[in-house]
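Residue numbers for the sequence shown, in this note's numbering: 89 to 340.
Here's the structure we're looking at; comments come further down.
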Amino acid sequence: MLVLTAVVVGGNAIVAAHAWRFTHFAVGGAKTANPEALSPGDRLLVALTGVVVPRPTLGRLPADVGLSAASGVEADIVMELAKAHKYDGPLALFGKSMGSAAVLRAVGVLGARADALVLENPYDRLTTTVGHRFEAMGLPPQPGAALLVFWGGVELGFNGFAVNPVDFAVNVRTPTLLLNGDDDPRVHLVEVESIRASLAGPAEIVVFPNAGHVGLYSANAALWRSAVTGFLDREAPNGGARTTSANPQITP
89 MLVLTAVVVG
99 GNAIVAAHAW
109 RFTHFAVGGA
119 KTANPEALSP
129 GDRLLVALTG
139 VVVPRPTLGR
149 LPADVGLSAA
159 SGVEADIVME
169 LAKAHKYDGP
179 LALFGKSMGS
189 AAVLRAVGVL
199 GARADALVLE
209 NPYDRLTTTV
219 GHRFEAMGLP
229 PQPGAALLVF
239 WGGVELGFNG
249 FAVNPVDFAV
259 NVRTPTLLLN
269 GDDDPRVHLV
279 EVESIRASLA
289 GPAEIVVFPN
299 AGHVGLYSAN
309 AALWRSAVTG
319 FLDREAPNGG
329 ARTTSANPQI
339 TP
């Protein structure tokens, strides 16, 4: 019994430490490479100690675009910013990965209104995409993914099991373009298809050949421009090619 207790307590302590390092910037050090690029020894070290994510250096601060540092850059905040600037033309929201989750939550839960949505690599559930990260490390996705989501929620004060874009999508009637790489190890096409099936409005998927979990514009600029411009010309004409991003650092 003591051994079992030690294993349970020790395992949870390691996962809690991982959750903290995933969600907090490190002071100095080199950023941990993607699991696919790590040697077996490095993977073991990361499995025991967690990832290193140094604080990024940004050219602009939130205040430079009219946001307080405390607000962050959520899709609903970006919508309010557009209103404050008295922009009354067609408005599209763009997000990638977690940014896609923010967009779907803003529209489906918080009631933000837009003419069109463009979502890159949108995962269906937080536990699913976290599980894929365990798989990339050569580990079974469960129970590690569930524990990581649990401890991350405890440490940050939110319910990680409720971060499910596939559920947010149920109340989204806005025309939506879903983009995904067919070689994405973090978000599989079946998850994107489940989001399309859940959306209450018209939706289409464009798949990028040989693209992983990257900014898809950088993977295939011609396909990205063709897909996005064509979609916005149909759904948000007269200036709709201008997008507002939930994660502006990766907007092409």
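In this text, a Cβ means the ideal position worked out from N, Cα and C, and glycines have one as well.
Just so you know, these numbers come straight off a predicted model, no measurement behind them.
Quick one: what's got a C-beta closer than 6 angstroms to residue i's C-beta in the same chain, skipping five residues either side?
i, result
"Ala-324", "Pro-178, Ala-180, Asp-203 and Ala-204"
"Pro-123", "Ala-224 and Met-225"
"Thr-93", "none"
What are the boundary residues of the alpha helix (DSSP H) that includes residue i?
i, result
"Ala-200", "Careful: Ala-200 lies outside any alpha helix (DSSP H) and carries neither H nor E."
"Val-237", "232 to 244"
"Leu-132", "128 to 137"
"Phe-222", "214 to 224"
For residue i, verify whether its CB is less than 8 angstroms away from any heavy atom of the ligand ADP.
i, result
"Thr-264", "Although the ligand ADP was asked about, the structure shown includes no ligands whatsoever."
On the CB-based measure, 16 or more other CB atoms within 10 Å of its CB, does residue i come out buried or exposed?
i, result
"Leu-133", "exposed"
"Leu-236", "buried"
"Asp-130", "exposed"
"Arg-213", "buried"
Given a cut-off of 9 angstroms on the beta-carbon distance, is the pair residue i and residue j in contact?
i, j, result
"His-301", "Gly-269", "yes"
"Pro-210", "Ala-233", "no"
"Val-260", "Leu-192", "yes"
Please work out which residues of its chain come closer than 7 angstroms, Cβ to Cβ, to residue i, disregarding the five sequence neighbours upstream and downstream, and give them in chain order.
i, result
"Asp-271", "Asn-298, Ala-299 and Gly-300"
"Thr-216", "Glu-279"
"Arg-201", "none"
"Gly-240", "Ala-107, Phe-110, Thr-111 and Gly-248"
From the DSSP output, which residues share a beta bridge with residue i?
i, result
"Ile-293", "Leu-266"
"Pro-142", "Ala-114"
"Glu-281", "Its beta-bridge partners do not exist; DSSP assigns none."
"Glu-208", "Lys-184 and Leu-267"
Determine the extent of the beta strand (DSSP E) in which residue i is found, giving its start and end residues.
i, result
"Ala-180", "180 to 184"
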